[in-house]
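Enquirer: The structure follows.
2 protein chains.
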Amino acid sequence: MTEILAPGFEIARGVWRHLDTLDVTALPEFVPARGLRVDLACLTPKGEIWIVEVKSSLADFRADQKWEGYLPFCDRFYWAVPADFPSEVLPLETGLIIADRFDAAILREGPVTPLAAARRKALSLKIARTAMRRQLGWLEPDLGLARADG
Amino acid sequence: MTEILAPGFEIARGVWRHLDTLDVTALPEFVPARGLRVDLACLTPKGEIWIVEVKSSLADFRADQKWEGYLPFCDRFYWAVPADFPSEVLPLETGLIIADRFDAAILREGPVTPLAAARRKALSLKIARTAMRRQLGWLEPDLGLARADG
């Protein structure tokens, strides 16, 4: 388990740190809809929603049957991969971030496919409430996190 | 310092726990605008914004010169006080919550004075981004929290 998760976690960490320097905030492990879980859901200062999916290897990317299902839940979509990832396999109409555990670089911006305003509003609220509730879950673990991602 | 802060913190904790049972999420120490800092900013499932101000004593309430300045930043405003607080001094047009460190009860709902949609949207985004950035600040304290409340 550790061997599978650790590389992706390190990439996510570098992405998160880099996005912070761009004033883009990120929430890990966000559930935009039942059955979907994205690695990072992000909010820009203007309220644009980005989704970043981390792929630590080509095998990890090829095993992903769900990523196109994430597109209706963001204004921009990015992959985040390590420097040795064969990025030519990634669709050109998606954004590309190269990352290690310390930092990241956006090599290709994700094209904007704007969400409908009502959906962006609902997703932003869900992101906000998830982030707020996780904070309570950490401070008060006895309350449980049953609804944290609901 | 401890003597002054601790009672308010315990009340805020009870409120937070109670609001969680109502599916209302809360963010402590939110800055809605420069020079203002509210004890709890809350988001309901429908996206209504509540502000809860904690007063541990009558003296604490009487020293507050700012609370009316919070009203333009919420749909509902509540006081949260301990059971022995003389609640008759609180304005009737505000909500009232009685709390201890473990739980709370809403004795009077805050009347709804709806925010303009654009302001609610901007405040919701700021609440979301603040909650998200604090999470990063805790996981990565070396990044600092300089912008956490910005």
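These protein sequence lines are chains A and B, in that order. The opening residue of the first sequence carries number 330 in my numbering; numbering runs sequentially from there. The opening residue of the second sequence carries number 330 in my numbering; numbering runs sequentially from there. Virtual Cβ for every residue (Gly too), placed ideally from N, Cα, C.
Strictly below 8 Å CB to CB, what residues from chain B border residue 456(A)?
Expert: Within 8 Å Cβ-Cβ: 457 and 461.
Enquirer: For residue 352(A) and residue 408(A), what's the separation of their Cα atoms in angstroms?
Expert: Rounded to the nearest angstrom, the two C-alpha atoms are 19 Å apart.
Enquirer: Helix, strand or coil for residue 398(A), going by three-state DSSP, please let me know.
Expert: Three-state DSSP puts residue 398(A) in a helix.
Enquirer: Which word fits residue 413(A), buried or exposed, when buried means at least 16 other C-beta atoms lie within 10 angstroms of its C-beta?
Expert: It is exposed - the Cβ of residue 413(A) has fewer than 16 other Cβ atoms within 10 Å.
Enquirer: Here's the rule I'm using: 16 or more other beta-carbon atoms within 10 Å means buried, otherwise exposed. How should residue 443(B) be labelled?
Expert: That one is exposed.
Enquirer: Between 388(A), 367(A), 405(A) and 463(A), which has its C-alpha nearest residue 395(A)'s C-alpha?
Expert: The shortest Cα separation from residue 395(A) among 388(A), 367(A), 405(A) and 463(A) belongs to 367(A).
Enquirer: In chain A, what lies closer than 9 Å to residue 469(B) by C-beta?
Expert: Those within 9 Å of residue 469(B) in chain A are 342, 345, 346 and 349.
Enquirer: At a threshold of 7 Å, does residue 341(A) count as lining the ligand SAH (C-beta to nearest heavy atom)?
Expert: Among the ligands in the structure shown, none appear at all, so the ligand SAH cannot be discussed.
Enquirer: Going by beta carbon distance, what residues of the same chain come within less than 8 Å of residue 426(B), once the five residues before and after it are set aside?
Expert: Closer than 8 Å at the Cβ level, and outside the excluded window around residue 426(B), lie 344, 347, 381, 407, 408, 409, 410, 433, 434, 435 and 436.
Enquirer: Note down the Cα distance separating residue 470(B) from residue 431(B), rounded to an integer number of angstroms.
Expert: Each residue's alpha carbon lies about 29 Å from the other.
Enquirer: With burial defined as no fewer than 16 other Cβ atoms inside 10 Å of the residue's Cβ, what is the status of residue 333(A): buried or exposed?
Expert: Residue placement at residue 333(A) cannot be trusted, given a pLDDT of 45 that sits under 50; what the coordinates show is reported in the next sentence. Answer is exposed; the Cβ neighbour count stays below 16.
Enquirer: Return no unless some Cβ of chain B is closer than 8 Å to the Cβ of residue 477(A).
Expert: Note that residue 477(A) scores a pLDDT of 48, beneath 50, so its modelled location is shaky; the value from the coordinates is reported in the next line. By this cut-off, residue 477(A) is not an interface position.
Enquirer: Which residue from 337(B), 462(B), 369(B) and 383(B) puts its Cα closest to that of residue 419(B)?
Expert: Of the candidates 337(B), 462(B), 369(B) and 383(B), the one whose C-alpha sits nearest the C-alpha of residue 419(B) is 383(B).
Enquirer: Any beta carbon from chain A within less than 8 Å of residue 356(B)'s own beta carbon?
Expert: Judged by the 8 Å Cβ criterion, residue 356(B) is in contact with chain A.
Enquirer: Any beta carbon of chain B sitting closer than 8 Å to that of residue 416(A)?
Expert: Taking Cβ atoms only, chain B never reaches closer than 8 Å to residue 416(A), which makes this a no.
Enquirer: With 8 Å set as the bound, which would you pick, yes or no: does the beta-carbon of residue 372(A) sit closer than that to a beta-carbon of chain B?
Expert: Yes, residue 372(A) lies at the interface with chain B (some Cβ there is under 8 Å from its Cβ).
Enquirer: With the cut-off set at 8 Å, would you say residue 423(B) and residue 398(B) are in Cβ contact?
Expert: The answer is no: Cβ separation not under 8 Å.
Enquirer: What residues in the segment 388-416 of chain B bring their beta carbon closer than 7 Å to a beta carbon of chain A?
Expert: Cβ contacts with chain A: none found.
Enquirer: From the beta carbon of residue 464(B), is the nearest beta carbon of chain A less than 8 Å away?
Expert: Closer than 8 Å to some Cβ of chain A, the Cβ of residue 464(B) qualifies, so yes.
Enquirer: For chain B, find out if any of its Cβ atoms is closer than 8 Å to the Cβ of residue 376(A); answer yes or no.
Expert: Chain B, which has a Cβ nearer than 8 Å to the Cβ of residue 376(A), makes this yes.
Enquirer: Please confirm whether residue 298(A) has its beta-carbon closer than 8 Å to some beta-carbon of chain B.
Expert: Residue numbering for chain A in the displayed model covers 330 to 479; residue 298(A) lies beyond these limits and cannot be assessed.
Enquirer: In the structure shown, what three-state DSSP assignment does residue 469(A) receive?
Expert: Three-state DSSP puts residue 469(A) in coil, outside helix and strand.
Enquirer: Let me know the beta strand (DSSP E) ranges lying completely inside the segment 340-397 of chain A, each 3 residues or longer, listed in chain order.
Expert: Here the runs fully enclosed are 354-359, 367-372 and 378-383.
Enquirer: For residue 415(A) and residue 385(A), which I take to be in contact (beta-carbon distance under 8 Å), what is that distance rounded to the nearest angstrom?
Expert: Wrong, their Cβ atoms sit about 13 Å apart, outside the cutoff.
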